[in-house]
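This report refers to the structure that appears directly beneath it.
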Amino acid sequence: MSSKDNALPVNDPTIELDRKTRIKSILGGSAGNLVEWYDWYVYAAFTLYFAPKFFPSGNQTAELLSAAAVFAVGFLMRPIGAWIMGIYADRKGRKAGLTLSVTLMCIGSLIIAVTPGHETIGVFAPALLVFARLLQGLSVGGEYGASATYLSEMAGKNRRGFFSSFQYVTLIAGQLTALGVLLILQRVLTPEQLGDWGWRIPFFIGGLLAIFVFWVRRGLIETQSFNNAKTSDKPRSSGLALFTQYPKEAFTVLALTAGGTLAFYTYTTYLQKFLVNTSGFSKESASEITALALLVFMLIQPLAGALSDRIGRKPLMIGFGVMGVLFTYPIFSTLATTTDPYVAFGLSMAGLIIVTGYTSINAVVKAEMFPAHIRALGVALPYALANTIFGGTAEWVALKFKLSGYETWFFWYVTIMIGLSLIIYIRMKETRDHSLIHED
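According to our numbering, the sequence shown is numbered sequentially starting from 25.
Here it is in structure tokens:
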């Protein structure tokens, strides 16, 4: 029998996946997710260096505010990307959605890498930057729903929390890789070289890695859930069907995401700027503190995911909500005055441990709420709406409060939003016990 005869037929709905195939598929999907989020977070990691090139003003906070506004603009495309590619992944397959999303991310990264600064082409420089971020926002909007759905469907019933947690492992790894590239470049280049041309290097790296991931994703196996849904008589996925047939589930995803995504972006992308702009740490020290905290944060995601397989998803989300409400203000108000890097690391780590109650399981919670024929859209679109409103604007709102002289108001804003999401965590069903993910 030829090797072709032995190959696994990727679209045969009768195949029962063994453990090795599941793990290989999960690792393949996760690797692509890492590169997607590396490309997305490189922008945030290198903002301190390229902001003056695109938004020259002479005031660091004003430059960061302009760059943060473009970061937020990228989020405006995420609901559109979630809508278009969520439907695409529901109709054409999770694998097809994942492949399309990485293609768009590649194009966006390469545009940023080659765009001249404001001094050379004037207003076209920030215009091209905005266009590239819109493409990346479209990509990430589709990526979240497709990858969350793919990982949750590929995982077995009893290990779904553990395996789906790797979405945030790779998401954080992407951010950590971006910071790692930043730390390396800070060691080998002078600050002047980084600000002049060195910041372009990570965008070139991201574009090349995305090309490799495109090849990897084309070889992924389609999920059993999608194959089953494809042969069923369920209505086609659409935005109208989502909000008319599953309004409660869609609202629940939006509401549970609001506080979680705001907290996540506050303790990750904004934290680095906060340590520089408020606490007074050097750019290098802030990057090192953030990178080490994120490394630990990444490693504990599977532990929390595995715990949810044993005790359920709700206890972890409620734990995040309660501790987020109690400790967000104390953590940031203390961070604002500390000059000790060890204290800064400890406080950052405390915040990230709290956020783990949300990040480690939010993907599987959302996936378990929807049937397969509309799952990718159901996971992606309400999440993207909440992400745009709260996650994408987190850094901009924080800097706006600081520029206005009311920085502590941002701490209260985060606290209140976590509290509102906590109400949803308490009232919602335990999705582990009422999961709509069926593998046969």
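Glycine included, every Cβ here is placed at the ideal spot set by N, Cα and C.
These numbers come from a predicted model, not from an experiment.
Range covered by the alpha helix (DSSP H) that runs through L175: F148 to M178
Closest residue to S256 among L446, S54, P395 and K426 (Cα-Cα distance): P395
Please state whether DSSP places I221 in a helix, a strand or coil. Per the sequence shown, residue 221 should be read as Trp rather than Ile. DSSP places W221 in coil when its eight states are reduced to three.
For G169, I'd like the list of residues in its chain whose CB is within less than 6 Å of its CB, leaving aside the five on either flank, ordered along the chain. A106, G110, A400, V403 and A404
Which residues in the same chain have their Cβ closer than 7 Å to the Cβ of G121, if we skip the five residues on either side of it in sequence? Hits under 7 Å: M109, Y112, A113, G166, A170 and A400.
Taking C-alpha atoms, which residue in S311, G53 and N386 lies nearest to I342? N386
How would you label S188, buried or exposed, when you count the other beta carbons within 10 angstroms and need 16 or more for buried? buried
My guess is that A315 and L200 are in contact by the Cβ rule of under 8 Å, so how many angstroms apart are they, rounded? Approximately 6 Å separates the beta-carbon atoms of A315 and L200; this is inside 8 Å, confirming the contact.
What's the call for Y481, buried or exposed, on a 16-neighbour Cβ count within 10 Å? With the chain covering only 25 through 464, there is no way to say anything about residue 481.
Can the beta-carbon of G415 be found less than 7 Å from the beta-carbon of Y289? yes
Coil, strand or helix - P140 by DSSP: coil
Here's the rule I'm using: 16 or more other beta-carbon atoms within 10 Å means buried, otherwise exposed. How should S428 be labelled? exposed
Span separating the alpha-carbon of F70 from that of D457: 43 Å
Three or more C-beta pairs under 8 Å: does that hold for the segment 286 to 306 against the segment 370 to 384? yes
Three-state secondary structure assigned by DSSP to M25: Because the pLDDT at M25 is just 39, under 50, the model does not fix this residue reliably, and the value given afterwards should be weighed accordingly. In the structure shown, M25 adopts coil according to DSSP, grouped into three states.
Whether P103 touches V277 by CB criterion (7 Å): The answer is no: Cβ separation not under 7 Å.
Same chain, Cβ closer than 8 Å to I235, five either side skipped, listed in chain order: C130
For the alpha helix (DSSP H) containing T361, list its first residue and its last residue. Looking at the DSSP string, T361 is not in any alpha helix (DSSP H), and its letter there is neither H nor E.
Quick check: the segment 135 to 150 against the segment 446 to 455, are at least 3 beta-carbon pairs closer than 8 Å? no
Going by the CB atoms, is the gap between V237 and V389 shorter than 7 Å? no
Inter-residue Cα distance where the pair is L331 and V346: 18 Å
By Cβ distance, which residues of its chain are closer than 8 Å to I413, with the 5 residues on each side in sequence left out? A282
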